[in-house]
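A.B. asks: Numbering-wise (numbering that gives the first Met the number 0), the sequence shown opens with residue 0 and increments by one.
Glycine included, each C-beta is placed from N, C-alpha and C at the ideal position.
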Amino acid sequence: MSSNELMYMNWQEMIRPEKVQVTSKSTYGKFVCEPLERGFGITIGNSLRRIILSSLYGSAIVAVKFDTVMHEFSVIPGVL
């Protein structure tokens, strides 16, 4: 099997988001995109953070909530 065929197979089997939900108010925004391929959450999260920090003056991300994390030192399943 050639490397092109392997790459094509990998792209075909990737986990693609089934749910994309946006909730917004005047001072609040919530974006839900799930499920994601392993490791993609970090990539997307860092990109969004950089865009928000460089583009939106006077705005800041002040909280992130993970359903399975009890405190800041908890191990997050599936994250190295």
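(1) Tell whether a beta-carbon distance below 8 Å holds between I51 and L35.
(2) Here's a check: name, in chain order, each residue in its chain whose Cβ is nearer than 8 Å to the Cβ of F65, leaving out the five neighbours to either side.
(3) Terminal residues of the continuous beta strand (DSSP E) containing S53?
(4) If you follow the beta strand (DSSP E) that S87 is part of, which residue opens it and which one closes it?
(5) Please state whether the Cβ-Cβ distance between P16 and E4 is less than 8 Å.
(6) Measure the beta-carbon distance from R37 to G77 and round it to whole angstroms, keeping in mind my assumption that it falls under 8 Å.
C.D. replies: Well, looking at it:
(1) no
(2) I75
(3) Here S53 belongs to no beta strand (DSSP E); instead the alpha helix (DSSP H) covers F39 to S54.
(4) The chain is shown only over 0 to 79; residue 87 falls outside these bounds and no answer can be derived.
(5) no
(6) 6 Å
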